[in-house]
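A short worksheet on the structure shown next.
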Amino acid sequence: MKINRRKILSLLGISPAVLAASSPAIGEPKHSPKNPVLKDAKLEVVNPKGLPPPIQLIPMAPRLPSLDGKTIFLVSDGFAGADRFLNQIAIWFQKNMPSVKTVYRLKAGSYFDDDPKLTAEMKASGNAMIMAYGH
Amino acid sequence: MGLPTAPLVTIAFKDLAKSNAANRGMPGERICFLPHPMTNKTDAEMYAVLLGNDPVTNKPLMPEIIDALTKPLTAEEEKSGKVTPDIGPATYVDTAENLQRIYLDNNMTDFMPIILPTEEKVQEMLKGTSHKPDEVIGTLSAARGAQPSWSFTVRHVAINAVMAGARPEYLPVILAIASTSQPALFSSTSSFSRMLLLNGPISDKIKMNYGIGAMGPFAEPNAVIGRAWTILSKNLGGCGMPGLSYMGTLGTNFNYNNICIAETENKLPDGWKPFHVQKGFKPDDSVVSIFSGWSLNNVAWFPKMPYHELINNWLTHFFSFGISAATLLLDPTVAREAKEKGYNSKEELSDYWSKNSKTPAWLYWDTHQKELEQAKAGVEPYASYLKMGDGDIPFQRFYRRGRPGGPPIPNPKSSIEIVVLGGETNTYWAGGDFSHVTSVSIDKWT
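Just so you know, the sequences run in chain order X and Y. Under the working numbering, the first residue of the first sequence carries the number 4, and numbering increases by one thereafter. Under the working numbering, the first residue of the second sequence carries the number 223, and numbering increases by one thereafter.
Structure below.
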């Protein structure tokens with residue numbers, strides 16, 4: 004069966020133009036130093052990636068000098084078990100840092116939705132937040 | 223938000239949480255990690271976790287949480303400004319073998335060899351559409367709202383179509399799919415599957431196989447178009463990076479091709495409309511429809527009862543991640559039998575199934591805990607349901623009733639879709655938990 008090199012190259016995504024560069028001149032041995040074998044031929048291909056959005060860096064909120072006498076919101080995003088785990092954190096604070104007040108809240112919406120009402124409440128009456136994500 | 227925060231995440235989501243924080247502008251967010259999973263632990267076991275170490279840093283957990291809220295910020299943590307994510311060079315130059323490796327190593331493929339996208343091939347592919355190469359088509363995200371939305375152009379789609387092995391005449395289909403902003407690879411732990419259905423003249427024009435082996439690897443466009451969707455989802459939406467933008471614990475083999483099929487419109491029983499006509503398109507429109515679900519049963523069973531009754535029983539007992547929507551893929555022989563039994567349209571058959579299928583008792587009570595309490599208190603009809611023991615509860619679950627907790631939909635419609643395809647070599651059918659997401663015109667992308 005006759006092999007069509009041009010077709011094979013095309014199937015491999017290689018321009019048939021490389022044949023011109025890699026074909027030996029008449030009378031030259033096929034793999035002489037003057038005629039690099041086909042697999043060494045280089046080609047240029049394009050990057051298939053789309054455009055991710057630029058990232059706006061957000062400075063983190065200033066930290067507290069200490070938690071003494073502060074109010075910490077314990078926020079669940081709704082995944083099963085987060086409420087019980089946050090309750091254990093509340094118990095830990097009662098036992099180990101009783102001056103810390105904890106307030107439990109379930110965030111509204113799906114796990115990736117903002118909850119502006121809760122955010123406003125925490126800004127008005129809280130000093131810090133511990134948030135538990137699933138699972 | 224302005225409040226110091228300590229996020230708590232289980233270790234299974236370490237990479238996802240860190241990359242999400244970085245993508246949202248807080249690469250130094252002080253995330254504290256927990257063992258995984260937490261949901262099945264007792265209260266005492268959860269308290270023990272608090273007394274133990276963060277499994278990532280190996281430091282005591284509670285002091286780490288307190289540090290996250292009180293330790294002064296570093297200069298890095300106070301940084302502002304914009305950064306542009308690196309997507310690599312505009313072109314790569316190397317041998318064919320090395321280039322295949324570059325695409326594989328950078329997660330730009332489905333891990334099978336690709337057609338290398340030379341400029342010449344991309345230009346040839348672009349001849350498949352009249353749209354300008356730099357036209358922005360839309361955005362794509364592995365999970366809208368949770369993951370970044372990437373934008374892309376006609377040219378970007380053409381490059382990915384080349385890689386999948388598409389012919390230029392397939393490009394309008396692939397552009398239509400991309401225009402939906404639906405990714406083939408969705409960032410969920412539940413391992414979503416997708417399905418693509420072609421209707422209208424496009425199926426014959428590009429030679430889709432909808433006869434014998436309609437769902438198998440027996441025709442170029444079926445194979446390549448479905449593949450292109452997975453590859454472009456990776457490259458145009460940042461999807462399909464395990465641990466970062468893909469969390470499906472088992473994954474699904476369907477994602478290699480996304481069940482790319484066409485309806486056997488020329489074998490539909492009289493009066494049965496093609497799927498795209500059911501969705502408001504004209505018969506001569508070329509349309510691609512997207513379905514989302516998880517699993518599919520291919521049923522080979524020769525019942526004594528009619529097939530529509532057999533399928534009704536299957537619907538009662540079918541159970542998977544999705545339990546309130548179904549799509550039936552019927553061989554034309556099965557569709558014809560239903561027509562002979564009196565179902566003059568897909569809608570009539572779908573309504574019959576929605577009204578007559580039931581719910582196994584264990585599944586009903588597992589998903590209706592509030593009603594279980596009412597049943598125990600003697601409230602009807604739940605009390606009667608409870609008396610039925612292990613029998614099937616007359617609760618029709620295949621209706622579009624609206625989101626749990628949301629307002630009920632008045633006059634809910636059946637959530638069962640029907641597609642006819644196959645080669646009539648036997649009376650087989652397949653069913654699964656797929657629901658219809660959207661249908662879009664292919665013609666506008668020619």
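Idealized CB from N, CA, C, for every residue including glycine. Predicted model only: the values in this text are computed from it and were never measured.
Status (buried if at least 16 other CB within 10 Å, exposed otherwise) for residue i
i      : result
R252/Y : buried
F333/Y : exposed
V315/Y : exposed
T313/Y : exposed
P229/Y : buried
S542/Y : exposed
W667/Y : buried
K563/Y : exposed
W523/Y : exposed
F440/Y : exposed
V305/Y : exposed
K577/Y : exposed
P68/X  : exposed
Q345/Y : exposed
Backbone CA spacing between residue i and residue j [nearest angstrom]
i      : j      : result
S26/X  : G544/Y : Unreliable placement is indicated for S26/X, whose pLDDT of 42 sits below 50; the coordinate value is still reported in the next sentence. Going by the C-alpha atoms only, they are around 59 Å apart.
F123/X : T105/X : Per the sequence presented here, residue 123/X reads as Ala, with Phe not at that position. Taking the straight line joining both Cα atoms gives about 17 Å.
M63/X  : F255/Y : 19 Å
S637/Y : Y565/Y : 17 Å
I359/Y : P307/Y : 20 Å
V662/Y : D507/Y : 10 Å
V659/Y : P285/Y : 47 Å
A270/Y : D276/Y : 12 Å
P616/Y : A560/Y : 23 Å
Y392/Y : A445/Y : 11 Å
M469/Y : D492/Y : 44 Å
N262/Y : K349/Y : 56 Å
T361/Y : W372/Y : 5 Å
A583/Y : I133/X : 40 Å
G112/X : A365/Y : 15 Å
W587/Y : E593/Y : 8 Å
G129/X : I75/X  : 6 Å
V379/Y : S511/Y : 18 Å
I399/Y : I287/Y : 45 Å
Proximity to residue i [Cα-Cα], best of the options
i      : options                           : result
T227/Y : V78/X, P119/X and K110/X          : V78/X
L518/Y : D655/Y, V379/Y and F440/Y         : D655/Y
E341/Y : M385/Y, Q369/Y, G303/Y and T306/Y : M385/Y
E485/Y : C461/Y, D553/Y, L466/Y and P335/Y : D553/Y
F374/Y : P56/X, K42/X, L121/X and M134/X   : P56/X
D237/Y : P464/Y, L550/Y, G470/Y and P525/Y : P464/Y
D426/Y : V509/Y, T361/Y, W451/Y and Q500/Y : V509/Y
F645/Y : V521/Y, A441/Y and T555/Y         : According to the sequence shown, residue 645/Y is Gly rather than Phe. When only C-alpha atoms are compared, the closest one is T555/Y.
T474/Y : W451/Y, N431/Y, G438/Y and S415/Y : S415/Y
G250/Y : A234/Y, P630/Y and A239/Y         : A239/Y
Y136/X : D118/X, L121/X and F82/X          : F82/X
Q91/X  : D614/Y, E299/Y, I381/Y and M268/Y : M268/Y
E299/Y : A127/X, L109/X, I61/X and I75/X   : I61/X
S572/Y : M527/Y, P630/Y and R622/Y         : R622/Y
D86/X  : M260/Y, G438/Y, P311/Y and D327/Y : M260/Y
Q591/Y : Q345/Y, K580/Y and Y604/Y         : Y604/Y
P707/Y : E570/Y, A388/Y and K568/Y         : Residue 707/Y lies beyond the range of chain Y shown here (223 to 668); nothing can be said about it.
Check: residue i C-beta below 7 Å from any heavy atom of the ligand ZN
i      : result
S373/Y : Among the ligands in the structure shown, none appear at all, so the ligand ZN cannot be discussed.
Okay, do the stretch 103-118 of chain X and the stretch 44-54 of chain X touch, 3+ Cβ pairs below 8 Å being the bar?
Using a Cβ-Cβ distance cut-off of 8 Å, the stretch 103-118 of chain X and the stretch 44-54 of chain X are not in contact, since fewer than three pairs of beta carbons, one from each stretch, lie closer than that value.
At which residue ranges does the stretch 433-510 of chain Y contain complete beta strand (DSSP E) runs of 3 or more residues, listed in the order of the chain?
As far as the stretch 433-510 of chain Y is concerned, its whole beta strand (DSSP E) runs of at least 3 residues are 482-484.
For the stretch 402-416 of chain Y and the stretch 89-100 of chain X, state whether three or more C-beta atom pairs, one from each stretch, are separated by less than 8 Å.
Verdict: no, contact absent.
Pair every Cβ in the stretch 454-464 of chain Y with every Cβ in the stretch 420-427 of chain Y, then say whether three or more of these pairs are closer than 8 Å.
No, they do not touch.
With a threshold of 8 Å, are at least 3 pairs of Cβ atoms found where one atom belongs to the stretch 591-607 of chain Y and the other to the stretch 521-538 of chain Y?
Taking 8 Å as the limit for Cβ pairs, the verdict is that the stretch 521-538 of chain Y does not touch the stretch 591-607 of chain Y.
Mind pulling the beta strand (DSSP E) runs of 3 or more residues that sit fully within the stretch 607-649 of chain Y?
Positions of the beta strand (DSSP E) runs, each at least 3 residues long and wholly inside the stretch 607-649 of chain Y, are given as 638-642 in order along the chain.
Give, in chain order, every unbroken run of the beta strand (DSSP E) that is at least 3 residues long and sits entirely within the stretch 521-577 of chain Y.
Taking 3 residues as the shortest admissible run, the stretch 521-577 of chain Y contains the following complete beta strand (DSSP E) segments, listed from N- to C-terminal end: 548-552.
Which residue spans inside the stretch 298-340 of chain Y form an unbroken alpha helix (DSSP H) run of at least 4?
Runs of the alpha helix (DSSP H) spanning 4 or more residues and lying entirely within the stretch 298-340 of chain Y occur at 318-327, in chain order.
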